[in-house]
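Working notes for the structure below.
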DNA sequence: AGCGCTCCAATTGCATGCAGTTTGGCGCTC
DNA sequence: GAGCGCCAAACTGCATGCAATTGGAGCGCT
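Protein chains in written order, with our numbering: chain W, 1 to 252; chain Y, 1 to 252.
What follows is the structure, encoded as structure tokens:
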């Protein structure tokens, strides 16, 4: 029972890691929505630490892509563009393909039981809020990744799954988690049977359908900053006056 | 001065990012070998910043997997296990497959020229040290990733490529970069022709062969004084507080 | 000599303080 | 009323200081 897969890279028990975990969870449960401000002072006060620590935690979360940090500006919860969301799902499909390929036919009975227990928990949570359902669904995938015992794979799958979580809260409409739960069960079954091709296919379609359910309109561009949109166009302008557009209000 | 296409996500111009870049480069050029100690004091002294900043930089590099951080212990350059190295290459193959799939047939003339120029540089560097060759080869892949304009893909490919760099310095024998250079040229050609299947295949075999050439047997490393190693990297730091000469005696 | 203990230098963990930058509101002008 | 500039509050960037922990040298015991 080697469940003690503590990542040596980070996530020990120092204060920074605690704050990271708390914020990460708050973000993926949508308690903190994309764009929410995260001033160092407030965080420090809230968690009973100094600004130094809060700052460090924000740095870590920025490295994971959950938080956006701009010099001299208040940190905010990341608001991925639609295209970034799409990219994140593409990457996720590849990575989780790697996971199930490694896992097919190699799961112990205990592991299968653990997975089933998790999905049961997802089932029980169906009555609750969407946020909790989404978190549990995400954690199912992370649990799978952990079973590979590959720290690198765990880290990347976790990160990208959290990112996808974030985009779900931005672009998805009221959620229907039930089919996802069934797909989870199907994946477990195929993994147990050791049918690698089948499980790869299942996982691919599972993630693809989640992505498609979530990322509906090709051009919502909600919450996207005008300057970002115009950035590629400004590159071709040679005048030095393009740098500063007046503060144009977003229509909306 | 030409407009810098710096990504805003991180790597701006604050001191932490500068130190991260310097250390990252020192690590992938094997000036800092896996296992090398990175005390906050020494880093701060060398780069002319306070320990707070050095610490923050170490945190970022740890998040990228280049540095290992253990509570109350001196940070060290990461020493991936052989298995982790193998996993990193597997992930890399998947991610770079995504890159070339997106890029096949979509490159502009300028981009193709840029790629060719880079490989030319690799060619010229063949007489130099292995470290530089390895860095250039890695940067070729990162350059490809950047052409997807997908920040997420760029970040993950960069990270995992750096990690692979690290393992190369641990497990590879005297390098033969020439075939890699030819493979780079072949990839460019296939990308330009838009032959997606071909380029996927080429990239897959390219990375696989690099991995197989590299991951053979461990090689022992010798240690050097940190401050000496970092001397050339500290030049980029613009601070009057930079300490010019090491004043820490090496053992013996 | 070999083994364990103690103690101190080295180093990290964290808070606080100060300086520089951004934000947003207020009043002034047109 | 809309725009512009100014100023204080809020906030970040960074250095420094102090307490806690580590590890290793030196010392004594067996």
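All C-beta atoms in this analysis are idealised placements derived from N, C-alpha and C, irrespective of residue type, glycine included.
Check, Outcome
"Identify, in the order they occur along the chain, each residue of the same chain with its Cβ nearer than 6 Å to the Cβ of residue 64 of chain Y, setting aside the five sequence neighbours on each side.", "159"
"Throw me the rounded Cβ distance for the residue 215 of chain W and residue 86 of chain W pair, which I believe falls under 8 Å.", "6 Å"
"Going along chain Y in order, which residues have a C-beta closer than 7 Å to the C-beta of residue 90 of chain W?", "98"
"From the DSSP output, which residues share a beta bridge with residue 139 of chain Y?", "In the DSSP output, where bridge partners are listed per residue, residue 139 of chain Y has none listed."
"Going by CA-CA distance only, name the one from W/101, W/105, W/203 and W/90 that's closest to residue 140 of chain W.", "W/203"
"Among the candidates W/153, W/128 and W/21, whose CA atom is the shortest distance from the CA of residue 163 of chain Y?", "W/153"
"Closest to residue 71 of chain Y by CA distance: which of Y/81, Y/80, Y/58 and Y/82 is it?", "Y/58"
"Work out the CA separation of residue 201 of chain Y and residue 99 of chain W for me, nearest whole Å.", "21 Å"
"Using a Cβ-Cβ cut-off of less than 8 Å, list which residues of the stretch 39-65 of chain W approach chain Y; keep chain order.", "52, 55, 56, 59, 60, 62, 63, 64 and 65"
"For residue 190 of chain W, name the three-state secondary structure that DSSP assigns.", "helix"
"Residue 162 of chain W versus chain Y: which residues are under 7 Å apart at the beta carbon?", "Simply none; closest approach about 12 Å."
"Which residue from W/24, W/26, W/42 and W/180 puts its Cα closest to that of residue 120 of chain W?", "W/180"
"Kindly give me the distance between the Cβ atoms of residue 67 of chain Y and residue 54 of chain Y, rounded to whole angstroms, as I take these residues to be in contact under 8 Å.", "Going by Cβ atoms, the distance from residue 67 of chain Y to residue 54 of chain Y rounds to 11 Å, so no, they are not a contact pair."
"If residue 185 of chain W sits next to residue 29 of chain W, beta carbons under 8 Å apart, how far is it from one beta carbon to the other, in whole angstroms?", "That pair is no contact at about 24 Å."
"Pick from W/18, W/122 and W/193: whose alpha carbon is nearest that of residue 107 of chain W?", "W/193"
"What are the start and end residues of each continuous alpha helix (DSSP H) run of 4 or more residues lying completely inside the stretch 13-95 of chain Y, in chain order?", "15-28, 40-47 and 51-64"
"Let's test the definition: count the other Cβ atoms within 10 Å of the Cβ of residue 109 of chain W and tell me whether it reaches 16, buried, or not, exposed.", "exposed"
"Could you say if the stretch 15-26 of chain Y and the stretch 45-54 of chain Y meet the contact criterion of at least three C-beta pairs nearer than 8 Å?", "yes"
"Under 8 Å from any heavy atom of the ligand GDP, does the C-beta of residue 148 of chain W make it?", "Ligands are entirely absent from the displayed structure, and the ligand GDP is therefore not among its contents."
"Along chain Y, which residues have their Cβ under 8 Å away from the Cβ of residue 94 of chain W?", "94, 95, 97 and 98"
"Would you say residue 169 of chain Y lies against chain W (beta-carbon separation less than 9 Å)?", "no"
"What does a CB cutoff of less than 6 Å around residue 211 of chain Y pick up in its chain, not counting 5 residues either side in sequence?", "89"
"Measure the Cβ-Cβ separation of residue 172 of chain W and residue 131 of chain W and say whether it is below 9 Å.", "no"
"Do you know how far the Cα of residue 32 of chain W is from the Cα of residue 104 of chain Y?", "39 Å"
"Between the Cα of residue 49 of chain Y and the Cα atoms of Y/81, Y/78, Y/138 and Y/14, which residue gives the shortest distance?", "Y/14"
"If we count the other Cβ atoms within 10 Å of its Cβ and call it buried at 16 or more, is residue 126 of chain W buried or exposed?", "exposed"
"To the nearest angstrom, how far is it from the Cα of residue 233 of chain Y to the Cα of residue 146 of chain Y?", "25 Å"
"Give a yes or no on whether 9 Å exceeds the smallest Cβ distance from residue 152 of chain Y to chain W.", "yes"
"Expressed to the nearest angstrom, what Euclidean distance is found between the alpha-carbon atoms of residue 189 of chain Y and residue 93 of chain W?", "28 Å"
"When we look at the beta-carbon of residue 133 of chain Y and count the other beta-carbons within 10 Å, is it buried (16 or more) or exposed?", "buried"
"Are the Cβ atoms of residue 69 of chain W and residue 191 of chain W separated by less than 9 Å?", "no"
"Out of Y/112, Y/46 and Y/34, which one is the CA nearest neighbour of residue 82 of chain Y?", "Y/34"
"Under 7 Å Cβ-Cβ, which residues of chain Y neighbour residue 87 of chain W?", "150, 152 and 153"
"State the CB to CB distance for the pair residue 91 of chain Y and residue 61 of chain W, rounded to an integer number of angstroms; the pair is presumed to be in contact (CB under 8 Å).", "Between residue 61 of chain W and residue 91 of chain Y the Cβ distance is about 22 Å, and since that is not below 8 Å, they are no contact."
"Within 10 Å of its beta-carbon, does residue 150 of chain W have 16 or more other beta-carbons around it, so buried, or fewer, so exposed?", "buried"
"Run through DSSP, which three-state label would residue 207 of chain Y get?", "helix"
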